[in-house]
Amino acid sequence: MNVYFIIALGSQLRMKIGRAKDVGRRLAELQTGSSDKLTIFVYVQCASDENARHMERMAHSYFRFARLRGEWFRYNKRIGNQVRRWVENNARLEVKWAKC
Numbered sequence: 226m227n228v229y230f231i232i233a234l235g236s237q238l239r240m241k242i243g244r245a246k247d248v249g250r251r252l253a254e255l256q257t258g259s260s261d262k263l264t265i266f267v268y269v270q271c272a273s274d275e276n277a278r279h280m281e282r283m284a285h286s287y288f289r290f291a292r293l294r295g296e297w298f299r300y301n302k303r304i305g306n307q308v309r310r311w312v313e314n315n316a317r318l319e320v321k322w323a324k325c
């Protein structure tokens, strides 16, 4: 299971924090329902579903100051830098960074 950070590149930049076994497929599912271009910022491969649920909850709690609604959060360069630091400090397994 993976924890992902997906960015919506619209007039208002937004970030979705969620879990999925197949991040590429989840991106495609989300893209179908979004008029904004979506891109994967980073995802973390977790050892188990339980670890992924825990990491997702931690991320939602840490970024609660930027929450817009549900699993969607404000995104800007400062928050992007905070995501990088948070992932580097909390990821125990393999991290996949996007080239953006």
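First residue of the sequence shown? That's 226 in the numbering used here, and the numbers climb one at a time after it. Note that beta-carbon positions come from the ideal geometry of N, C-alpha and C, so glycine has one too. Source: prediction; values computed, not measured.
Taking all protein chains shown into account, decide if ALA277 is buried (16 or more other Cβ within 10 angstroms of its Cβ) or exposed. The count along the sequence shown starts at 1 and reaches residue 277 at position 52. Flag for ALA277 reads buried.
So the alpha helix (DSSP H) ASN276 belongs to, where does it begin and stop? Here residue 276 is taken as the residue at index 51 of the sequence shown, counted from 1. Its alpha helix (DSSP H) spans residues 274 to 287.
For GLN270, which residues does DSSP report across the bridge? Taking the first residue of the sequence shown as position 1, residue 270 is located at position 45. DSSP, once it has assigned bridges, lists ASN227 as partnering GLN270.
Please confirm if the region 296 to 312 is in contact with the region 228 to 241, defined as three or more CB-CB distances below 8 Å between the two stretches. yes
Alpha-carbon to alpha-carbon, ARG239 and LYS262: For the purposes of this step, residue 262 is taken as residue 37 along the sequence shown, with counting starting at 1. For the purposes of this step, residue 239 is taken as residue 14 along the sequence shown, with counting starting at 1. So the two alpha carbons sit approximately 11 Å from each other.
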